[in-house]
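Participant: Chains as they are written, first to last, in UniProt numbering: chain A, 1 to 311; chain B, 1 to 311.
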DNA sequence: GCAATCCACAACAATCAGTTGTTCACTAAG
DNA sequence: CTTAGTGAACAACTGATTGTTGTGGATTGC
């Protein structure tokens, strides 16, 4: 199926006749006739009934028309997503289930007119390079990895402190606890699949392990959060860390338990990073939105790696 | 933008290298190279970084990939919508705001796996012809127009009786009434734009006018239901008929009033029509669903044109 | 009945997309 | 350091596609 043919089909459907559609498209009537004939041949159905005073949609044509319009819309959006200059705001997040995605959903609800592309880059180094080159407009990150300070031309603002909670199945030893301390977690297996080694996310958990002697397994393939929740629910010996409940639908029927962690509460600090010279108008809107919806940070009784504290 | 190029792009992104993608698509590596080069030229950005051990997505390529996948999905659906034999179930409804649309939304919620195409044909004659030819699978209609009985090979079942209510703006003379009788409406202007003359819908209101002496203006261009509601809200001398509240969002801030009509209540009878020999598997599912969700009909104190009563 | 309108078919020209053959760049092993 | 191996790009060629002009047939309206 050819997009030009689809565009021609919509033009004919709107014009009601081949000749006018041809004029609209700046081609000859014969070319329109050929394109429609080819499209009808590839689809295997007749799209128009040809009459002396124009062309009328068949039932199949009427059914195809909304799909054709949708196809052109999607093609337009696809092209716009990489159009240099006026493309959608490109924001890098940590993972689709993280609190950062929740922030971006909130921004999209508040400004549905702003086109967004949410991406997931590998680590903060990739993100900073992409921000400096203009390939992306902003990134949610813990502001620095150990030994890698953020360059001068990158601005950052702390937007969210995400307290980690323990997630267990109903048969886990700690399933009934109202809250647990980090010390109590020593010896329990904590499973965090999908954390790539070398990222600042992995560094965060490395520090947590080093400081409190926890057992965190970051290995194993990541089959998605649904598979993770299934495994946690069914395996009494496993637990995992997870942030605050987002507005995502919480899967029912698993018997999963969320248990606050205290003394101290591990907190993952999310900052927004962007290039000081980035002219994208939606970037300012995003920053304003985040500033308006972000509250202050209470750091008493919490733990965060020292390298992750923004300057 | 060429759909084949987009398909090639996705194949390369998944294969990680041009050669394997070429094998998957059964073309040569050179053809893949050309297609990607052309796509990159039309988009104006580089999509892959070519390395010695394969091709890797650039940031732009990563941003483009989900749009490309969506584009292929929509193209697939568009083609399927007219595929002879295994196309989606095609159901004809009266209008997008009618109770019939509510029934179809309910069906879609109950069976989201069934592909649907909802259409709006002109009148029952068109619908019956389409049903007999197999161009559509079912139609919601008042079963017959005057003098035009439904042919023997068309089956029908009454699925919904829709009582009409009066819709007025806040300044209308009847705005404060708890209910009105048809006799009370004599002399008031009732506006029903978008009812094409010659349809059974128009015949329904013609009968209503003839029997009770109402003033119904079915003329005027139809600018959509939003424009209709705006006009009704702002024009004290105008009112309109509307069915039961559907699950659509009821526009707030208009000050619109819904007033039940009694003595008798005009009822629009909706039946589902289909061809006895139609083999579409989803048609049986739709009939079962409608039979399960449809209640009996209480016809006391209601009015319906005699020709609209099913046999 | 005749002009006007509209679409389809035919012939031709230009362009395009795919193939084969080959080169270039990089990596890894000896 | 050399050499074999892998992967992508360039060049030349060919068949197919797509557009054009020219023309014919069918229907509508005066």
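Glycine included, C-beta positions come from ideal geometry on N, C-alpha and C. Model, not experiment: these values are computed from the prediction.
#1: For residue 15/A and residue 20/B, I'd like the C-alpha separation in whole angstroms.
#2: Taking residue 9/A as part of the beta strand (DSSP E), name the residues at either end of that continuous run.
#3: Report, in whole angstroms, the separation of the C-beta atoms of residue 99/A and residue 169/A, which I expect to be a contact under 8 Å.
#4: Residue 278/B: which of 306/B, 268/B, 89/B sits nearest, CA to CA?
#5: Could you name each continuous beta strand (DSSP E) segment of 3 residues or more that falls completely within the region 186-260 of chain B, going from the start of the chain to the end?
#6: For the region 67-83 of chain B, list every residue whose C-beta sits within 8 Å of some C-beta in chain A, in sequence order.
#7: Quick one: what's got a C-beta closer than 8 Å to residue 117/A's C-beta in the same chain, skipping five residues either side?
#8: Going by the CB atoms, is the gap between residue 9/A and residue 51/A shorter than 8 Å?
#9: Check for me: the beta strand (DSSP E) holding residue 49/A runs from which residue to which?
#10: Determine which residues share a DSSP beta bridge with residue 140/B and list them.
#11: Within 8 Å (strictly less), CB to CB, does residue 43/B reach chain A?
#12: Whole angstroms are fine: how far does the CA of residue 138/B sit from the CA of residue 218/B?
#13: Can you check whether the C-beta of residue 48/B is within less than 8 Å of a C-beta belonging to chain A?
#14: Using C-beta distances below 8 Å, list every residue in its chain close to residue 4/A, excluding the 5 sequence neighbours before and after it, in chain order.
#15: Tell me residue 164/A's beta-bridge partners as DSSP assigns them.
#16: Determine which residues share a DSSP beta bridge with residue 117/B and list them.
#17: If you follow the alpha helix (DSSP H) that residue 291/A is in, where does it begin and where does it stop?
#18: Touch check for the region 255-263 of chain A and the region 177-197 of chain A: three-plus C-beta pairs under 8 Å?
#19: In whole angstroms, give me the CA-to-CA distance for residue 334/A and residue 186/A.
#20: Answer yes if the region 148-165 of chain B comes into contact with the region 280-300 of chain B, meaning at least three C-beta pairs across the two stretches below 8 Å, and no otherwise.
#21: Using only the alpha-carbon positions, how far apart do residue 247/A and residue 270/B sit?
#22: According to DSSP, residue 267/A sits in a beta bridge with which residue or residues?
#23: List the endpoints of the continuous alpha helix (DSSP H) containing residue 57/B.
#24: If contact means a Cβ-Cβ distance below 9 Å, which residues of the region 109-123 of chain B contact chain A?
#25: What does residue 1/A reach in chain B if we use C-beta pairs closer than 8 Å?
#26: What does residue 64/B touch in chain A if you count any residue whose Cβ is under 8 Å from its own?
Facilitator: With the given structure in hand:
#1: By one-based count along the first chain, residue 15/A stands at place 15. By one-based count along the second chain, residue 20/B stands at place 20. If I take the Cα positions, the gap works out to 44 Å.
#2: The sequence position of residue 9/A within the first chain is 9, counting from 1. No beta strand (DSSP E) contains residue 9/A, which is instead part of the alpha helix (DSSP H) from 3-15.
#3: Along the first chain, one-based indexing puts residue 99/A at 99. Along the first chain, one-based indexing puts residue 169/A at 169. 23 Å between Cβ atoms; not a contact.
#4: Locating residue 278/B in the second chain gives position 278, where the first residue counts as 1. Looking at the Cα atoms, 89/B is the closest of the given residues.
#5: 189-191, 215-217, 238-242
#6: 67, 68, 70, 71, 74, 75, 77, 78, 79, 81, 82, 83
#7: Residue numbering aside, residue 117/A sits at position 117 when the first chain is read from its first letter. Here the set comprises 81, 87, 88, 89, 90, 91.
#8: Start at 1 with the first residue of the first chain, and residue 51/A comes out as number 51. Start at 1 with the first residue of the first chain, and residue 9/A comes out as number 9. Taking 8 Å as the Cβ cut-off, residue 51/A and residue 9/A do not qualify as a contacting pair.
#9: Walking along the first chain from the start, residue 49/A turns up at place 49. Here the beta strand (DSSP E) through residue 49/A covers 48-51.
#10: The sequence position of residue 140/B within the second chain is 140, counting from 1. Beta-bridge pairing links residue 140/B to 272/B.
#11: For the purposes of this step, residue 43/B is taken as the residue at position 43 of the second chain. At least one chain A Cβ lies under 8 Å of residue 43/B.
#12: For the purposes of this step, residue 218/B is taken as the residue at position 218 of the second chain. For the purposes of this step, residue 138/B is taken as the residue at position 138 of the second chain. In a straight line, the C-alpha of residue 218/B is about 27 Å away from that of residue 138/B.
#13: Taking the first residue of the second chain as 1, we reach residue 48/B at position 48. For residue 48/B, the answer is no, since every Cβ of chain A falls outside 8 Å of its Cβ.
#14: Start at 1 with the first residue of the first chain, and residue 4/A comes out as number 4. Taken in chain order, the residues that qualify are 35.
#15: Here residue 164/A corresponds to residue number 164 of the first chain, with the count starting at 1. Residue 164/A pairs with nothing; no bridge assigned.
#16: Position 117 of the second chain, counting from 1, holds the residue named residue 117/B. DSSP lists 90/B as partners of residue 117/B.
#17: Numbered from its first residue, the first chain carries residue 291/A at position 291. Counting along the chain, the alpha helix (DSSP H) containing residue 291/A begins and ends at 281-293.
#18: yes
#19: No information on residue 334/A is available, as it lies outside the stretch 1 to 311 that chain A covers here.
#20: yes
#21: Taking the first residue of the first chain as 1, we reach residue 247/A at position 247. Taking the first residue of the second chain as 1, we reach residue 270/B at position 270. With a pLDDT of only 48 at residue 247/A, under the threshold of 50, the placement of this residue in the model should not be trusted; the figure read from the coordinates follows. When rounded, the distance between both Cα atoms is 40 Å.
#22: On the first chain, position 267 is the one that residue 267/A refers to. The partner list for residue 267/A (beta bridge, DSSP) reads 163/A.
#23: Sequence index remark: in the second chain, residue 57/B carries index 57 (1-based). Unbroken run through residue 57/B is the beta strand (DSSP E), 54-57; no alpha helix (DSSP H).
#24: 117, 119, 120, 121
#25: Sequence index remark: in the first chain, residue 1/A carries index 1 (1-based). Within chain B, the residues near residue 1/A are 3, 75, 78, 79.
#26: Locating residue 64/B in the second chain gives position 64, counting from the first residue. The contacting residues are 78, 81, 82.
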